[in-house]
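Just so we're aligned, residue 1 is where the sequence shown starts under our numbering, counting upward by one. Beta carbons: idealized from backbone N, C-alpha and C, even for Gly.
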Amino acid sequence: MKEIRIAIIGTGMISHRHMTVIQNLKKRGQNLTVVAACDIVPDRVKAFGARYGIAEENLYTDFREMLKRDDIDEVEVCVHNNLHTSVSCAVMAAGYPCYSEKPMSASYADAKILYDAQKDYGQKLAVQISSIYNPQTRIAKRMVENGELGEVYHARSVGHRLQGRPGYDMPFFSRDFIDPNIGVHGPLFDLGIYHLAQMLYVLGMPELESVYGTQSSKYWTHETIDKEVSRTAPIEDLGVGLARFKGGLSMDIYEDWAMHMDEIGTSFIAGSNGGLKLIDVDSTGGPMAVPEGGQIIGGGSVQVPRLEWFGTNEHGEMFVTKIDCGINDLTGQQELRLHPEMAMYNDNQLQWYSYLRGDLTDETRIDSPFIACQTALLSDGVVLSDELGRSVTADEIKALSKSIALREQVLPNGDKIHYDFKEYKA
Ligand SMILES: NC(=O)c1ccc[n+]([C@@H]2O[C@H](COP(=O)([O-])OP(=O)(O)OC[C@H]3O[C@@H](n4cnc5c(N)ncnc54)[C@H](O)[C@@H]3O)[C@@H](O)[C@H]2O)c1
1 MKEIRIAIIG TGMISHRHMT VIQNLKKRGQ NLTVVAACDI VPDRVKAFGA RYGIAEENLY
61 TDFREMLKRD DIDEVEVCVH NNLHTSVSCA VMAAGYPCYS EKPMSASYAD AKILYDAQKD
121 YGQKLAVQIS SIYNPQTRIA KRMVENGELG EVYHARSVGH RLQGRPGYDM PFFSRDFIDP
181 NIGVHGPLFD LGIYHLAQML YVLGMPELES VYGTQSSKYW THETIDKEVS RTAPIEDLGV
241 GLARFKGGLS MDIYEDWAMH MDEIGTSFIA GSNGGLKLID VDSTGGPMAV PEGGQIIGGG
301 SVQVPRLEWF GTNEHGEMFV TKIDCGINDL TGQQELRLHP EMAMYNDNQL QWYSYLRGDL
361 TDETRIDSPF IACQTALLSD GVVLSDELGR SVTADEIKAL SKSIALREQV LPNGDKIHYD
421 FKEYKA
């Protein structure tokens with residue numbers, strides 16, 4: 001098997017998940033080598049090198065220097081939201097395929113710039129969206145395609161945490177999540193991406209017509225909860241919306257980081273002949289992201305995504321079927337027995353490496369950049385609708401969306417990086 005030589009940009013929290021997946025895939029015969037890594041915080045990249053056995057001469061604090069090497073096959077971008085377009089475009093412009101963390105960007109305009117960069121620079125691109133790489137998503141998608149739910153007329157995309165603001169309630173997460181210039185947006189762009197992208201993909205990528213939405217940061221402003229953050233301009237802790245797609249399909253959207261509420265239900269799809277509940281949607285990277293005998297990066301465990309199917313049979317009797325989406329160590333045991341190649345669809349990174357090697361093509365891989373870009377259109381629609389106080393059409397979102405990705409970044413030592421990516425064209 002051809003070796004893939006990997007370089008990592010950003011050695012913070014999520015880079016360790018990339019490394020765990022790489023280590024787990026290597027144990028299963030994948031020929032992967034991390035040849036270099038970079039972080040603007042010298043101690044962080046040093047610690048990363050020490051932990052994973054990467055020699056000091058292969059560690060960098062300026063990724064532009066790292067990209068001058070001649071032994072890199074692909075680059076994994078693990079910096080924060082508002083740097084995804086900036087850094088990933090620089091990677092592709094330097095001549096490398098690029099695997100970027102989610103969300104694709106903090107605005108539709110930036111997602112589109114990054115999407116177009118594939119063509120602009122003739123490079124392969126993937127965006128991390130773990131929720132679409134598992135049997136739960138595939139089974140749901142097939143059921144919708146096969147008409148098992150009848151005519152689908154409504155969907156709900158949901159994510160809820162009782163108290164889970166990253167960097168605050170969950171202090172082991174970087175504070176960049178809640179920095180208005182770096183994380184930029186709240187739950188709708190953070191965990192919401194997993195739920196929205198999964199729903200759009202399962203529904204066959206319906207074309208957005210319009211969306212009405214609001215966001216709130218009221219949870220922050222409660223004095224007893226957070227005096228410090230409430231004095232700054234907190235980013236959102238709640239995003240809600242109602243979208244309408246061509247053909248009349250609707251979807252309501254709910255995503256919070258914290259709310260005084262125990263349960264708000266699950267994502268679901270409603271059809272004329274059946275309903276499907278999507279339970280425990282994967283937003284933690286799948287089983288490959290779990291270190292042997294250890295816990296998922298960031299705590300918690302990978303839950304088993306499940307489906308519940310509510311239908312009416314030919315006799316008019318209602319039934320409920322619980323669909324176990326079959327997790328074993330590669331997920332999807334039954335699918336794997338039937339088609340061993342299904343493993344390539346069970347993990348973000350494995351799919352990316354398979355695509356790089358040519359085992360998957362543009363036709364056979366899941367087109368994560370397209371799905372992520374369409375997801376950005378929807379989430380940016382909620383932001384614009386909230387700003388304007390009215391619903392917005394897809395054409396308006398495209399016309400009004402602004403590129404906000406960082407064009408200049410000040411480093412801890414005071415130096416600056418200038419990012420030279422293309423302008424957004426609506
Ligand atoms: N933490 C998670 O559990 C998690 C899960 C899924 C996805 N993500 C996504 O991954 C991204 C990063 O999140 P994180 O939690 O790892 O954040 P983090 O702050 O822990 O890591 C980001 C790292 O990037 C470094 N960095 C910033 N600019 C850089 C540059 N120009 N060159 C090199 N390094 C640079 C920072 O110094 C930092 O170490 C976010 O977009 C987030 O949405 C995070």
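Under 8 Å: does the beta carbon of residue i sit that close to some heavy atom of ligand 1?
i    : result
F63  : yes
I346 : Strictly speaking, residue 346 in this sequence is Asn, with Ile absent from that position. The answer is no for N346.
L83  : yes
F256 : Looking at the sequence provided, one finds Asp at residue 256 rather than Phe. D256: no, Cβ never under 8 Å from ligand 1.
H80  : yes
F173 : yes
Q128 : yes
S107 : no
Q409 : yes
C38  : yes
E101 : yes
T11  : yes
R17  : yes
F177 : yes
G49  : no
For residue i, count neighbouring C-beta atoms within 10 Å of its own C-beta (all shown protein chains included) and say buried if the count is 16 or more, exposed if not.
i    : result
R231 : Low per-residue confidence applies at R231: pLDDT is 48, beneath 50, and the placement is therefore not dependable, though the value from the model is reported in the following sentence. Burial call: exposed.
K112 : buried
G49  : buried
V144 : buried
T312 : exposed
H260 : exposed
H185 : buried
F63  : buried
K277 : buried
R306 : buried
D329 : At D329 the pLDDT is 47, less than 50, meaning the model places this residue with poor confidence; the figure from the coordinates comes in the next sentence. Counting Cβ neighbours within 10 Å, D329 comes out exposed, since fewer than 16 surround it.
F268 : buried
T33  : exposed
K425 : exposed
Q295 : exposed
N413 : exposed
M92  : buried
T20  : buried
M1   : exposed
K398 : buried
G241 : buried
G29  : exposed
S272 : exposed
By alpha-carbon positions, which one of the options ends up nearest to residue i?
i    : options               : result
G286 : S267, N348, A243      : N348
V77  : L114, Y52, R165, R175 : L114
Q303 : D120, A289, S88       : A289
R407 : E236, T85, G204       : T85
P166 : I14, S88, V45         : I14
S283 : Y201, I129, G29, V240 : I129
V281 : V45, N134, N58, Q409  : N134
S368 : N82, M1, I40, A126    : A126
I9   : G239, D420, V41       : V41
I279 : Q136, T375, T11       : Q136
Y201 : G12, L25, F370        : F370
K119 : V45, N24, D362        : D362
R365 : P206, R138, C38, M318 : R138
If you measure between the beta carbons of residue i and residue j, is that distance less than 9 Å?
i    : j    : result
I187 : R156 : The sequence shown places Pro at residue 187, rather than the Ile named in the question. Contact flag unset, no.
K102 : A372 : yes
Y353 : I4   : yes
V392 : S210 : yes
L149 : G275 : yes
W309 : D169 : no
A94  : Y419 : no
I253 : G192 : yes
A36  : A7   : yes
G239 : T214 : yes
I72  : Y96  : yes
Y108 : A376 : yes
S250 : D237 : no
N58  : P291 : no
L360 : E74  : no
task: Tell me the start and end of each unbroken alpha helix (DSSP H) in the stretch 29–63 that is at least 4 residues and wholly inside, in chain order.
output: Runs of the alpha helix (DSSP H) inside the stretch 29–63: 42–52.
field: Start-end ranges of the beta strand (DSSP E) lying completely within the stretch 165–241, minimum 3 residues
entry: Listed in chain order, they are 208–216.
Alpha helix (DSSP H) segments (min. 4 residues) lying fully within the stretch 342–378: Within the stretch 342–378, the complete alpha helix (DSSP H) runs of at least 4 residues are 348–357.
task: Could you pull out every unbroken beta strand (DSSP E) segment of at least 3 residues lying fully inside the stretch 269–297, listed in chain order?
output: Runs found: 274–279.
query: Which runs of the beta strand (DSSP E) spanning at least 3 residues fall entirely within the stretch 370–423, listed in chain order?
result: Within the stretch 370–423, the complete beta strand (DSSP E) segments at least 3 residues long are 408–410, 416–418, listed from N- to C-terminus.
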